[in-house]
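The next block holds one structure in the form of structure tokens; read it before the comments.
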Amino acid sequence: IELITPIAIEEGLRFAIREGGRTVGAGVVSKIIE
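Numbering (the numbering used here), first residue to last: 1344 to 1377.
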């Protein structure tokens, strides 16, 4: 995923992907590859 603005993330962090005010996806960071 490429974010508009960089943020600090770590493994285990829960996230939601929203588009137009609706949640279109959600998950947990399992591995950081970059």
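Ideal placement from N, C-alpha and C gives every residue a C-beta, glycine not left out. A quick note: this is a predicted structure, and the numbers were derived from the prediction, not measured.
About 18 Å separates the Cβ atoms of residue 1368 and residue 1375, ruling out a contact at the 8 Å cut-off. Secondary structure note for residue 1348: it is in no beta strand (DSSP E), with a DSSP letter that is neither H nor E. Between residue 1352 and residue 1372 a beta carbon distance of about 6 Å is seen, short of the 8 Å cut, so the two are scored as contacting. Put simply, the backbone Cα of residue 1355 is about 24 Å away from that of residue 1364. Bridge pairing for residue 1367: absent [DSSP].
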